[in-house]
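Colleague: Shown below is the structure under consideration.
In this note's numbering, the protein residues as written are 734 to 1200.
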């Protein structure tokens, strides 16, 4: 064999010694590039290979996609000089391409489309991407990703047999969630099935509300008001499960401030209190108590809970034999939180502000014995100013709640102040309070009678008669 001719050795080299099966020669679809190899292989340029080498017949996609290892070719004698059997290092260095040069090479997307790896639409998008400046490429990436995620058509149909419109747009996750929330609200407003629609909708909602985006959608759809009528004591197993999942929805919504603001305008708190008072199902009690715990520090919910007698209800619940540790922890935390809020709501400054403004209502401090015991001497400030304002309210107010509260507070002063009867008598309160004993409102009559009893008989005997 004549080795003086370049490529003669490669032409006669046995192809079985090559580490790959070259196969039939495909048409070249792109320029050939240099291939960098590991230490076991020589970095070569395909243009440097002998013309008869099998690797001269490899196409560009095969080289790029397969990263084919190229062994050192058989030694070729360099005519007329030293270095026979090896290639010139300088020649290989000149043949090497930098990363930037490789990245600038055109990618044969048409070949990928012909092999059905990408669609025609993808090819168009990729061509647009190649010609866009760097700052405008980001929006195209999303289009390319969506087009790549589109199911492959088989004879105009999807793999599951459904027909597909090539012009239809891929639905996003947010669109799906919005559709589900709309369907749930429509079922709660107008059930399509008398017994299945509402339980199914609530079951789905209790799962979906774990997502913050769904909570936003549900509040925007005005769905909270649809839950309130479903919160009521239950007896049957099906109704208990529905009640549990509805209360679970309330608990999940209690983590979202916009939902809490909406809940504060509804009668959700009285309904939850009735449920927790009458329910014996542990999971229902647990989720309601955990809702109380979340709502306690938000808005005016603490005052509502105290007005509804929740501190005593919590004491009764703690006396029962619950096994759920989460429920026990929630009860302990709720008890501590209610006590702290009761102290804040029972401050004398807040009470004084209410009286001076004439805005009396049944806030917790009025019926809190500790408030009267701890603050009774504060009523002596400014020559019993608070008592004088209470008498003015009794004389002039037309608000039945304010009249009832004023009579009750006056009776509490008689109960706890050691000289209460003398002070009230000096203010000539007897005749002014007795007029209210004939008031048309029953609550006003009841508290006016209590005040007169304590004024005539003293706190001890009046309390005995009341009992």
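Just so you know, even glycine gets a beta-carbon here, dropped at the ideal spot from N, CA and C.
Using a 10 Å radius around the Cβ and a threshold of 16 neighbouring Cβ atoms, would you call residue 771 buried or exposed?
Modeller: Note on residue 771: pLDDT 41, under 50, position unreliable in the model; the coordinate value appears next. Exposed, because fewer than 16 other Cβ atoms sit within 10 Å of the Cβ of residue 771.
Colleague: Roughly how many angstroms separate the alpha carbons of residue 957 and residue 1091, rounded to a whole number?
Modeller: Approximately 35 Å, taken between the alpha carbons.
Colleague: Excluding the 5 residues preceding and the 5 following residue 1109 in the sequence, name in chain order all residues of the same chain whose CB lies nearer than 7 Å to its CB.
Modeller: Closer than 7 Å at Cβ, skipping near neighbours: 1149 and 1150.
Colleague: Just checking my contact of residue 965 with residue 1004 at CB under 8 Å: how many whole Å lie between their CB atoms?
Modeller: Confirmed, Cβ separation roughly 6 Å.
Colleague: Looking at residue 1136: is its Cβ nearer than 7 Å to the Cβ of residue 1166?
Modeller: Result no, Cβ atoms of residue 1136 and residue 1166 do not sit closer than 7 Å.
Colleague: Going by other Cβ atoms of all chains shown within 10 Å of its Cβ, with 16 needed for buried, is residue 1043 buried or exposed?
Modeller: Classification for residue 1043: buried.
Colleague: Residues in the same chain with beta-carbon distance under 6 Å from residue 1068, minus the five sequence neighbours each way, listed in chain order, please.
Modeller: The residues are 1047.
Colleague: Would you mind working out which of 1170, 1029, 959 and 1015 sits nearest residue 1077, comparing C-alpha positions?
Modeller: Here the closest residue by C-alpha is 1029.
Colleague: Straight-line CA distance for residue 1173 to residue 1129?
Modeller: Distance between the alpha carbons of residue 1173 and residue 1129 is about 16 Å.
Colleague: So, is residue 1097 buried or exposed, given that buried needs 16 or more other C-beta atoms within 10 angstroms?
Modeller: Per the 10 Å Cβ criterion, buried.
Colleague: Which residues mark the beginning and the end of the alpha helix (DSSP H) in which residue 1159 is found?
Modeller: Per DSSP, residue 1159 belongs to the alpha helix (DSSP H) from 1153-1159.
Colleague: Inspect the beta-carbon positions of residue 1022 and residue 992 and report whether they are closer than 7 Å.
Modeller: Result no, Cβ atoms of residue 1022 and residue 992 do not sit closer than 7 Å.
Colleague: Since residue 1015 is in the alpha helix (DSSP H), which residue starts that stretch and which ends it?
Modeller: It spans 1015-1028 - the alpha helix (DSSP H) in which residue 1015 sits, taken as one unbroken run.
Colleague: Could you check the C-alpha separation between residue 907 and residue 1122 for me, to the nearest Å?
Modeller: Cα-Cα distance, rounded: 59 Å.
Colleague: If you follow the alpha helix (DSSP H) that residue 1049 is in, where does it begin and where does it stop?
Modeller: Here the alpha helix (DSSP H) through residue 1049 covers 1043-1051.
Colleague: Are residue 1140 and residue 1175 closer than 7 Å when you measure CB to CB?
Modeller: Contact flag unset, no.
Colleague: Let me know if residue 980 comes out buried or exposed under the rule of 16 or more other beta-carbons within 10 Å of its beta-carbon.
Modeller: Classification for residue 980: buried.
Colleague: Rounded to a whole number of angstroms, what is the C-alpha to C-alpha distance between residue 1131 and residue 1112?
Modeller: Rounded to whole angstroms, residue 1131 to residue 1112 spans 24 Å at the Cα level.
Colleague: In angstroms, rounded to a whole number, what distance separates the CA positions of residue 1002 and residue 1008?
Modeller: Taking the straight line from one Cα to the other gives about 10 Å.
Colleague: What's the call for residue 858, buried or exposed, on a 16-neighbour Cβ count within 10 Å?
Modeller: Label assigned to residue 858: buried.
Colleague: Give the straight-line distance between the Cα atoms of residue 930 and residue 1050, rounded to the nearest whole angstrom.
Modeller: The alpha-carbon atoms of residue 930 and residue 1050 are separated by roughly 34 Å.
Colleague: Classify residue 847 as buried or exposed, calling it buried when 16 or more other Cβ atoms lie within 10 Å of its own Cβ.
Modeller: Exposed is the call here.
Colleague: Looking at residue 914 and residue 963, is the spacing between their C-beta atoms short of 7 Å?
Modeller: Not closer than 7 Å, so no.
Colleague: Taking DSSP as the reference, what is the three-state secondary structure of residue 1103?
Modeller: Three-state DSSP puts residue 1103 in a helix.
Colleague: Measuring alpha carbon to alpha carbon, tell me which residue in 1062, 1133, 1071 and 1020 is nearest residue 1040.
Modeller: Nearest of 1062, 1133, 1071 and 1020 to residue 1040, Cα basis: 1071.
Colleague: Within 10 angstroms of its Cβ, does residue 1102 collect 16 or more other Cβ (buried), or is it exposed?
Modeller: Exposed, since its Cβ has fewer than 16 Cβ neighbours within 10 Å.
Colleague: In angstroms, rounded to a whole number, what distance separates the CA positions of residue 1143 and residue 1033?
Modeller: Distance between the alpha carbons of residue 1143 and residue 1033 is about 26 Å.
Colleague: To which residues of the same chain is residue 1045 closer than 7 Å at the C-beta, ignoring the five residues directly before and after it?
Modeller: Nothing meets the Cβ criterion.
Colleague: Given a cut-off of 7 Å, decide if residue 976 and residue 921 are closer than it, judged by their beta-carbon atoms.
Modeller: Going by C-beta atoms, residue 921 is not nearer than 7 Å to residue 976.
Colleague: Tell me the residue span of the alpha helix (DSSP H) that contains residue 950.
Modeller: That run of the alpha helix (DSSP H) goes 945-953.
Colleague: Determine the DSSP secondary structure at residue 1178, reduced to helix, strand or coil.
Modeller: It is helical.
Colleague: Relative to the C-alpha of residue 1100, which residue among 1075, 1190, 1115 and 985 is closest?
Modeller: Here the closest residue by C-alpha is 1075.
Colleague: Would you please state the rounded distance, in angstroms, between the beta carbons of residue 910 and residue 947? I believe it to be under 8 Å.
Modeller: Contact holds; Cβ gap of about 6 Å.
Colleague: Identify, in the order they occur along the chain, each residue of the same chain with its Cβ nearer than 8 Å to the Cβ of residue 1006, setting aside the five sequence neighbours on each side.
Modeller: Excluding positions up to five away in sequence, the list reads 1038, 1041, 1042, 1043 and 1046.
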